[in-house]
Structure formats: C-alpha cells, structure tokens
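Protein chains in written order, with my numbering: chain A, -10 to 228; chain S, -10 to 228.
Beta carbons are placed, not taken as given, at the ideal position from N, Cα and C, and that holds for glycine.
None of the values given here were measured: they were computed from a predicted structure.
Quick notes on the structure that follows.
2 protein chains.
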Amino acid sequence: MSLQETVLMQLRDLILSGEFAPGQRLAEQQLAERLGASRTPVRAALVTLEQEGLVEANDTGKYLVRQFTAREVTDAIAVRGHLEGMAARLVAEHGVSRQLQGDLQACLDEGDRLLADSPLTIESYVAYAAMNDRFHALILAACGNRALQRAVALNDKLPFAPASAMLPMQGTVALDRDWMLYAHRQHHMLCDALRRGEGARAQALGVEHTEVAQMNMRLALERRAESERFMPGMRLVVG
Amino acid sequence: MSLQETVLMQLRDLILSGEFAPGQRLAEQQLAERLGASRTPVRAALVTLEQEGLVEANDTGKYLVRQFTAREVTDAIAVRGHLEGMAARLVAEHGVSRQLQGDLQACLDEGDRLLADSPLTIESYVAYAAMNDRFHALILAACGNRALQRAVALNDKLPFAPASAMLPMQGTVALDRDWMLYAHRQHHMLCDALRRGEGARAQALGVEHTEVAQMNMRLALERRAESERFMPGMRLVVG
DNA sequence: GGCGGCTAAACGGTATCCCGTTTTGTTAAT
DNA sequence: ATTAACAAAACGGGATACCGTTTAGCCGCC
C-alpha cells in the first residue's frame, strides 16, 4: 500500500476517534512529523479529507478539524435513509437474484442466531455490527446504481452516519438488545418486500429503518459523558 | 485565486468539454506543461477530480479520463431526482419563508416572461438555464440539510447530471420550447405544493421533474453526432 | 497594567529534485 | 518479418527547498 493511502487512513482514524479537538488547526508539517512522513502525502490526504467533509479549509487555506452540530448528524442519517430507501426500491423493482436472495438470507439467519442469546455478549454485538454492514452493502451493491453508491459512500464518511455507527452501545445491554431485535425484524420485513417486488414498501422500510439510528443518536447526546467513552468521535459533535 | 484552484477548474473544464478522449492517460508532467504550472498543483487537482469521479486511477496509480456509460448518466439523474425530491419535501414540511417565497416567485415570473416568445432566442434560452439553476439551488439551500446539499453537489459533478445540463439543446427549437414549457409548469406546481405544505406531492414532483432530463438524455444519445457538436462532453458517454 | 506595534517563527503554495517502476522504442536474433 | 530482449525515456510517489504571507509572541510605550 502506498504511503499516501496509509497516511490518509491514519489521519481519518485519528480524526474520527476524536484525537483532535473540533476546530483544531491541522498543520501539514506537524502532521507529517507525527505520522513519520513528509508533507507531500499529508497534503494529498488533507485534500481528500476536505472532500469527505472531515476537515475544512478556512479563508486563508489552513485546514481545521470540522465540527458537527447534532443537526448535521441527524440530517446525514436522514439522507442515508432516503438513499438506502431508493436502493431498496430499485432492488425490489428490478428483482432479487438467486445469489442476492441467498446472501441476504445468510445475514438474516446470522442475525437471528446472534440475537438469540440474552444478554448479548460483546462478541455477538461486534458480529452483529459486521453483519449489519454487510446487509446494507448487499442491497446497495445489488441496486446497480453507481451514482447512488457514490452518494452513500460520501455520506458514510461523516461521523455516525454509517449504518453501524449508531448501533446501541451505551446504556443497559438488555435495552440495546430490544432495539436490535426491532431493527433486525425490519431487516426481515425488508427482505420480504424485496422478494415480493414491493418497491414502495421496500423504500419506506429503508427510510424508516434509519429512525433507530436517529433514536440512538438522541440517546447518545443525552448521555454525552458516557457516550464519549465508548465513541470518542462524539467529541466532534456539539450541541 | 490560488494556482491550485485555477488548475483544478481548467482541468475540470477541459475534461467536461470533451477535450480528452475517455480512457486517455492524464500524465502529471504533460498537464503541468499544458497548463503552465508545475506538477504540484496538477497533482492536487487530480486527487480532487478523482473524488469527483471525473478521473480514475488504474491499478498502477496512473490517472485516466473516466468513461461513462449511458446507464451511469441516467442513474445519476435519477439520484438527483430523489435528492431534490427529498429537499422539496423538507421545505414543504418546514414551511416556506417570506424571503424564499419571493425568490421562487421571481424565478417563476422570469421563466414565464422568457418562455413567452416563440420561437425562443438563444439569449432567452441561456437566461432560462441560469434561472433554472437558481430555482433548484434555492430549494436545496432552503431545506437546510447540509448532508443533502453535499450529496447533490457531488452528484452534480458528473457530466449531464446537473439540472441545466440536459435542457433541450438539440433538435428544433420549437419542440424544445414545448418541453421547457412543461418543465416550467412543473416549477409552478412545485411552488404550489411547497406553499401548501404538501410534502409528499412536492417530493413526487421533484422526482418526476427529472424525467424531462431523462427524455433529453435519451434524445441526445439517439442523435449522438449532432449532440456532440452542442455538448462536447457527450464524448465521455459511451453506448 | 493594558494595549499596540514589531519581529521572528510557522505555515501554505509552489517548484524542483531524487528514486524506483513502468512503459516504450530500438535492435538483434530467429 | 516477427518476436524477444535490452536500454532509454517517461512517469508517479515522495522529499525538500524557497518564498510570500499569516500568525503569534514579545517588548516597549502609554
């Protein structure tokens, strides 16, 4: 892997893990020293991160860590809902291939199995998050609309916008499991709609599905102190 | 303006105007000489253009001019439809401010005036395209969802995805005027839906509105030879 | 003690240089 | 004449040097 990609990933992880304070100045030289590279790859990474919306350039061209309002995060989740809803509708209207059908069913089965235990182990939780990402990615890939995939990819660069970023992580595990059971039931129903070719229903489910993420976001903001321990990136969100 | 931004814009214009053949190799040095700059600003521009989807890096890291299938263009237009539909719904549900109401009405009035003449002059055509962009931008700005605005901005970087890129430009002017009258009537109806707070209707109109662009894209592809004279960027589209 | 101005350090934009790799063109052998 | 091999040119990734501008710290003056 090229140094440029390495620096980009490192920098992205540092920002998303709340290593820098929002609004903090990101100087090329200082970052280069910290990451053990020269300014060239750091500069390339900063250009990319600006496109991704994680850093912004002020009027004099200096880069700052972006600060997000709670409103922006919930808005990004809403956008993901609409885009995934569109993807679901396209898949439903275009038909579910045998292959996709099998892959989705595997996700559903794995989710059923993982959520069977109560309380959930941390391993089950992590595995569910991975499965959840796979499930959402499957539908997005199956819709075949590259522009749509690009839009989701961009949106998912924002903190807490991706599907699994806002899975319940705080509070009592028992309560989290209830939410996850609800969300997973939605997965089942979405697959049902896809199989039946019910485009409008699939789209509506895709949109509604993100309301779970919205709930969790609100919860995380109410319990900000605790949330920041589990999700350091929460430091980037104000209000 | 910095040399970096200048080079970026020049390069983007060169690509979008079909100056390079799709799939053509874009070498940093060669571009630097052509644009009268050094490799540094050219590299920054190429990184940005890759994010925008206008160039792509092959496995060895060399940059190539991106080639678009007709499917990709129509898909991008469909994505814009969904995103603008979402914006329209948000505006309708959140209420139209006095200021927005006035700005939109100004657009409608200007459109009415510009389309009154038959046949259309080329000046009227250009003025309508500018008004059309303003109209779409007004609604997008008014929805207040930054993530949504970002998604539209990214999508609009693709050739022929932006609202005014696919206004009728070819064929008989009289026929074009009919399509523009239809699209402008939709603008009127959309404003009506916004004022009444009819979110679902506004969203549906936003989506349906892009079908005009879809029609024009199909027409442009059928008359490829003529289209390329008016819209050189059509060279980037295959199939 | 606070405010304003001056100076030095830091920083971003740009150009250039270096190195390893890929590509291309040429030559020679089959 | 075609192909294979080798050499030269081109290219991309990376590092660093230079310059003009911004920033921030410090000192002196009010």
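Is residue i helix, strand or coil by DSSP?
i, result
"F149(A)", "coil"
Name the residue from the options whose alpha carbon lies nearest to the alpha carbon of residue i.
i, options, result
"A59(S)", "F149(S), A21(S), N144(S), L129(S)", "F149(S)"
"D122(S)", "C96(S), Q138(S), G133(S)", "C96(S)"
"M206(A)", "M223(A), E197(A), Q192(A)", "M223(A)"
"E197(A)", "G12(A), F9(A), P30(A), R69(A)", "R69(A)"
"G74(S)", "L(-8)(S), L147(S), A152(S)", "A152(S)"
"S(-9)(A)", "E211(S), F9(S), D48(S), R1(S)", "D48(S)"
"Y171(S)", "L38(S), V201(S), A67(S), A191(S)", "V201(S)"
"R218(A)", "R1(A), S6(A), M(-2)(A)", "S6(A)"
"H177(S)", "M204(S), L129(S), D145(S), F124(S)", "F124(S)"
"R102(S)", "H173(S), G133(S), M204(S), E211(S)", "H173(S)"
"D98(S)", "Q(-1)(S), D165(S), M(-2)(S), C180(S)", "C180(S)"
"D165(A)", "A126(A), Y117(A), R190(A), I128(A)", "Y117(A)"
"F9(S)", "D167(S), R185(S), Q56(S)", "Q56(S)"
"T271(S)", "A119(S), M220(S), G186(S), A154(S)", "There is simply no residue 271(S) to check, as chain S begins at -10 and stops at 228 in what is shown."
"A67(S)", "G133(A), M120(A), S113(A), Q94(A)", "G133(A)"
"D145(A)", "L38(A), L20(A), R212(A)", "L38(A)"
"I128(A)", "D167(A), A191(A), V115(A)", "A191(A)"
"D167(S)", "E61(S), M(-2)(S), E22(S), Y114(S)", "Y114(S)"
Can you give me the C-alpha to C-alpha distance between residue i and residue j, rounded to a whole angstrom?
i, j, result
"A209(A)", "S216(A)", "6 Å"
"R87(A)", "L15(S)", "41 Å"
"V141(S)", "A65(S)", "10 Å"
"H83(A)", "G188(S)", "27 Å"
"Q40(A)", "E(-6)(A)", "15 Å"
"V31(S)", "G50(A)", "17 Å"
"G91(A)", "T63(S)", "29 Å"
"R135(A)", "A193(A)", "21 Å"
"Q138(A)", "D106(S)", "42 Å"
"A126(S)", "L143(A)", "20 Å"
"M120(S)", "L93(S)", "10 Å"
"L109(A)", "R1(S)", "52 Å"
"L20(A)", "Q175(S)", "51 Å"
"M220(S)", "G186(A)", "38 Å"
"M(-2)(A)", "E22(A)", "16 Å"
"E112(A)", "A214(A)", "24 Å"
Thinking C-beta only, is residue j closer than 7 Å to residue i?
i, j, result
"A34(A)", "V80(A)", "no"
"E195(A)", "A77(A)", "The question names Glu, but residue 195(A) is Gly in the sequence shown. Contact: yes."
"L3(A)", "V85(A)", "no"
"L147(S)", "G42(S)", "yes"
"E17(S)", "R28(S)", "yes"
"G12(S)", "L53(S)", "yes"
"L72(A)", "A131(A)", "no"
"M204(A)", "L104(A)", "no"
"V226(S)", "V36(A)", "no"
- [ ] Just list the beta strand (DSSP E) runs in the segment 83 to 122 of chain S, keeping only unbroken ones of 3 residues or longer that don't cross its boundaries, in chain order.
- [x] none
Open item on the list: Please give me, in chain order, every unbroken run of the beta strand (DSSP E) with length at least 3 that falls completely inside the segment 3 to 68 of chain A.
Closed with: 44 to 46, 52 to 54
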